[in-house]
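K.L.:
Residue numbers 64 to 522, in the numbering used here, belong to the letters of the sequence shown in order. Glycine residues also receive a C-beta, built at the ideal position from the N, C-alpha and C atoms.
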Amino acid sequence: MKIKETEKNIKETGATEMDNSTKIEANIFIDYVRTLMFWRLRLKNEDERKAVYIPYSKVLEFIPNDTKKVLAQLVANGQLEVIQRTSTNKRTYYCYKALQAGYITPHLLEPKGAPLTPLHSQMMQHLLHIELPNDGEASLFFQSFQLLKKDFLRLFFRIDTFCGRVHTPLTNLHRPLRKHLLFFGNPIASLDVAQMQPTILGKILFENIGANEFSTWLNEGKDIYIMLQSKANLETRDQGKKRFFEILFSKPNASLAKMFGDVNWIKWINQTKSQHLEENPHNHKPHSNIAYLLSSAEVKIMQKVWARLAGVNIPFISIHDEIIVQSHHLQQASKIFNSILQLEFNHYKLNNKAGDNPPALHPKPLPKVEVSKIRQIGHPIKEQSQNWSNDIAELENYFASIELPTQPVKLNQCSTITDCSLFIESHFATVKRNNGNRTFLPCLNRLQELKQVLIKNSE
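1) Hey, is the region 353-364 in contact with the region 300-318, meaning 3+ C-beta pairs nearer than 8 Å?
2) Could you compute how far the alpha carbon of Leu281 sits from the alpha carbon of Tyr411?
3) Kindly indicate the opening and closing residues of the beta strand (DSSP E) around Thr493.
4) Determine whether the beta carbon atoms of Phe323 and Lys294 lie at a separation below 9 Å.
5) For Arg221, is the classification buried or exposed, using 16 other Cβ atoms within 10 angstroms of its Cβ as the cut-off for buried?
6) If I measure Cβ to Cβ from Ile382 and keep anything under 6 Å in the same chain, skipping five residues before and after, which residues do I get?
7) Compute the beta-carbon to beta-carbon distance between Ala177 and Thr224, rounded to the nearest angstrom, for a pair I have assumed lies under 8 Å.
8) Report buried or exposed for Arg97, applying the criterion of at least 16 other Cβ atoms within 10 angstroms of its Cβ.
9) Looking at Asn275 and Asn327, is the spacing between their C-beta atoms short of 9 Å?
10) Are Leu467 and Ser484 touching if we call contact CB-CB under 9 Å?
11) Around the C-beta of Asn508, are 16 or more other C-beta atoms found within 10 angstroms, so that it is buried, or is it exposed?
12) Note down, in chain order, each residue of its chain lying with its Cβ closer than 6 Å to the Cβ of Phe204, except the 5 sequence neighbours on either side.
13) Apart from the five residues on each side of it in sequence, which residues of its chain come closer than 7 Å, Cβ to Cβ, to Val133?
14) Using 9 Å as the threshold, is the C-beta distance between Cys506 and Ile91 below it?
15) Buried or exposed: where does Tyr156 fall if 16 or more other Cβ atoms within 10 Å of its Cβ makes it buried?
16) In its own chain, which residues sit with a C-beta less than 7 Å from the C-beta of Gln447, not counting the 5 before and 5 after it?
17) Where does Ile437 fall in DSSP's three states?
18) The beta strand (DSSP E) with Thr149 in it runs from where to where?
19) For Leu393, I'd like the list of residues in its chain whose CB is within less than 6 Å of its CB, leaving aside the five on either flank, ordered along the chain.
20) If you run the structure through DSSP and keep just helix, strand and coil, what is Ala114?
21) For the candidate residues His170, Phe246, Pro349, whose alpha-carbon lies nearest to that of Leu218?
22) Based on the DSSP secondary-structure assignment, which residues constitute the bridge partners of Asn414?
23) Candidates Met259, Asn271, Phe308: which alpha carbon is nearest Gly284's?
24) For Leu297, which residues in the same chain have their Cβ closer than 7 Å to its Cβ, ignoring the five residues on either side in sequence?
25) Any idea what DSSP makes of Arg154, helix, strand or coil?
26) Could you give the distance in angstroms between the alpha-carbon of Ala164 and the alpha-carbon of Gln334?
27) In the DSSP assignment, the beta strand (DSSP E) including Ser381 goes from what residue to what residue?
28) Residue range of the alpha helix (DSSP H) that Val375 falls in?
29) Looking at the secondary structure, which residues open and close the beta strand (DSSP E) in which Glu385 lies?
30) Rounded to whole angstroms, what's the CA-CA distance from Gln338 to Pro349? Just pull it up for me.
31) May I have the straight-line CA-CA distance separating Gly141 from Leu162, to the nearest angstrom?
32) So, helix, strand or coil for Val326, using DSSP?
33) Hey, how far is the Cα of Val516 from the Cα of Leu474?
34) Quick one: what does DSSP say Ala463 is sitting in, helix, strand or coil?
35) When you compare each of Gln136, Ser150, Val115 to Lys160 by their alpha carbons, which one comes out closest?
This is the structure:
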C-alpha cells in the first residue's frame with residue numbers, strides 16, 4: 064500500500080479562521096476521529112495511535128460547510144493529521160488522526176456485525192454482570208468497557224458476519240486475568256474444548272475422505288500439535304501449532320505436501336481451498352474455505368450449548384469454544400456441554416477451570432494516552448430521544464437564572480472554558496440548529512456538564 068502525507072495539499076486549500084458554530088462542528092468531528100482510534104483497542108495487538116479511515120460522505124455529516132477549509136484549519140492548528148493512501152487497485156482514500164487528548168463519544172458509533180437473535184440479546188445482557196475487581200492490570204479498552212457498558216452495551220457485543228462468532232471485551236482479555244472475574248458477584252468457572260478446531264477438522268476430513276491419519280490421531284487421543292511437530296520434523300510443539308494454522312489459513316501450496324507427504328488429507332485441504340464455496344461469505348477468497356468450515360461448525364456446536372444453558376436458566380459468557388459460568392453452575396454446565404460434544408465427536412477433551420477470589424492486585428495507573436481520555440457523561444440524553452426541546456428549555460432557564468462566572472471555568476480534565484457566555488451562546492445555537500441530530504449530542508452534553516460544574520462550584 065502506498066502512503067504519503069497530505070497536510071501540504073490540505074493547507075493549500077486555504078485554512079481560514081472558523082466561527083464559533085463551525086468550531087463546535089469541527090471539534091465534534093475530532094472527537095469522532097479520536098473515538099474511532101480508541102475503539103481499535105478492541106482488536107488484538109492494536110493501539111489507539113493509528114489513523115482511521117472515514118468516508119468523505121461521513122465527514123460531511125459533521126462539517127457540511129467549507130469542509131476542506133475547515134479540515135485545513137484543523138491541520139494548521141495541530142489538531143488533525145490527514146493521510147492520503149492508495150489502495151492496491153489504485154484508488155485514493157483518506158485516513159484521519161486526532162493529535163490531541165480529549166473526549167471520546169461512543170454514542171456516535173454504530174453497532175457492527177450480524178443482527179442479534181433473542182438468544183444473543185440474552186447473552187449480551189449477561190455482560191452487564193461481569194466484573195474484574197482491581198482492573199488496573201487489564202487493557203485500557205476493558206477498563207472502558209467496565210465504565211461504559213451500562214449505557215453502550217451494544218457496542219461491546221458483536222457477531223461477526225464471517226461465521227457467526229461472538230466477540231466481546233472478554234475475547235482478548237489476558238487469560239491470567241480471566242480467573243479473577245466475578246459473574247453476578249460470584250467467582251467464575253470455565254469450560255473449553257481442547258484442540259477444538261483440529262477436532263472439528265478431523266471430523267470433517269473423515270466425513271469427506273474416510274480414513275486418514277489426521278482423523279486417526281484425534282480419535283486415538285493424541286496431541287495433534289505434537290503429531291504435526293513430529294511429522295514435519297519441527298523442533299517444538301508451538302511450531303507444530305503454528306504449522307496447523309498455516310494449514311488452515313494459507314493459500315493452497317505444494318510445501319504442505321512436501322512436509323507431510325502426498326497424503327489424502329493434505330490433498331483434500333488444498334483442493335477445498337481452490338474451489339468456490341457458495342456459503343462462505345468470503346468466497347472471493349477460496350483459501351478461506353477451511354477457516355470458514357471450521358469456525359462455522361464450531362459456532363453451530365456452541366449455539367446448541369448456549370440454547371441448553373439458557374433453557375435451564377444458567378447465565379453464561381461465551382468466548383469462542385469456551386463458556387464462563389458462575390462456579391456453582393460448573394457441574395451442571397459441564398454435563399450439558401458433554402452431552403452435546405458426545406453427539407459430535409468420537410473423541411474430545413473438555414477442560415474445566417475454576418476461578419478464584421480476586422487476590423489483592425496492585426492496580427496500575429491508566430497508561431498515558433496521547434489522543435484519548437474516557438469521558439463519563441453524568442446526565443446523558445437518552446439515545447432514543449429525537450427532540451431535545453425540553454432539555455434545551457431546561458438548560459436555558461437554568462443559565463438565565465444564575466450569574467455567569469467571569470473567570471475561566473474548568474469543565475473537565477480536557478477542557479477549560481474561558482468565556483462562559485460565549486460558550487453557552489454558541490452551543491445553544493448549534494443544538495437548536497441540529498435539534499435531535501445525534502451527531503451534535505456532545506454539544507447538549509457539554510451544556511449539561513457545565514451546569515453540573517457550576518452547581519458544584521456554588522455549593
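P.N.:
Reading off the structure:
1) Yes, the region 353-364 touches the region 300-318.
2) In a straight line, the C-alpha of Leu281 is about 8 Å away from that of Tyr411.
3) Counting along the chain, Thr493 falls outside any beta strand (DSSP E), though it belongs to the alpha helix (DSSP H) covering 483-496.
4) Yes, the Cβ-Cβ distance between Phe323 and Lys294 is below 9 Å.
5) Buried: at least 16 other Cβ atoms inside 10 Å.
6) Result list for Ile382: Leu233, Thr234, in chain order.
7) Contact between Ala177 and Thr224 holds: CB atoms are separated by about 5 Å, below the 8 Å threshold.
8) Burial call: buried.
9) Yes.
10) With respect to Ser484, Leu467 sits close: the two C-beta atoms are nearer than 9 Å.
11) Classification for Asn508: buried.
12) Excluding the 5 residues flanking it on each side, Phe204 has same chain C-beta neighbours closer than 6 Å at Leu104, Arg105, in chain order.
13) Excluding positions up to five away in sequence, the list reads Met81, Thr85, Ala89, Ile126.
14) Taking 9 Å as the Cβ cut-off, Cys506 and Ile91 qualify as a contacting pair.
15) Under this definition Tyr156 is an exposed residue.
16) Any answer about Gln447 is weak, because its pLDDT of 40 lies below 50 and its placement is not dependable; what the coordinates show is given next. Taking C-beta separations shorter than 7 Å and ignoring five residues to either side along the sequence, Gln447 has no partners in its chain.
17) Below a pLDDT of 50, predicted positions are generally treated as unreliable, and Ile437, at 37, falls in that range; the measurement from the model is reported next regardless. Residue state, collapsed to three classes: coil.
18) Its beta strand (DSSP E) spans residues 143-149.
19) Cβ within range, chain order: Ala252.
20) When secondary structure is reduced to three states using DSSP, Ala114 falls in the coil class, being assigned neither helix nor strand.
21) For the residues His170, Phe246, Pro349, the minimum Cα distance to Leu218 belongs to His170.
22) DSSP lists Asp255 as the bridge partner or partners of Asn414.
23) Of the candidates Met259, Asn271, Phe308, Met259 places its Cα closest to the Cα of Gly284.
24) Leaving aside the five residues that flank Leu297 on each side, the residues in its chain whose CB is nearer than 7 Å to its CB run, in chain order, Gly303, Arg306.
25) DSSP places Arg154 in coil when its eight states are reduced to three.
26) When rounded, the separation of the alpha-carbon atoms in Ala164 and Gln334 is 51 Å.
27) Unbroken beta strand (DSSP E) run through Ser381: 380-382.
28) Neither: Val375 is in no alpha helix (DSSP H) and is coded neither H nor E.
29) 385-389 is the span of the beta strand (DSSP E), which, as asked, contains Glu385.
30) C-alpha of Gln338 to C-alpha of Pro349: approximately 6 Å in a straight line.
31) The C-alpha of Gly141 lies about 7 Å from the C-alpha of Leu162.
32) Looking at Val326 - three-state DSSP - the assignment turns out to be coil, as it is neither helix nor strand.
33) Going from the Cα of Val516 to the Cα of Leu474 covers about 7 Å.
34) Helix at Ala463.
35) Per the C-alpha coordinates, the member of Gln136, Ser150, Val115 positioned closest to Lys160 is Val115.
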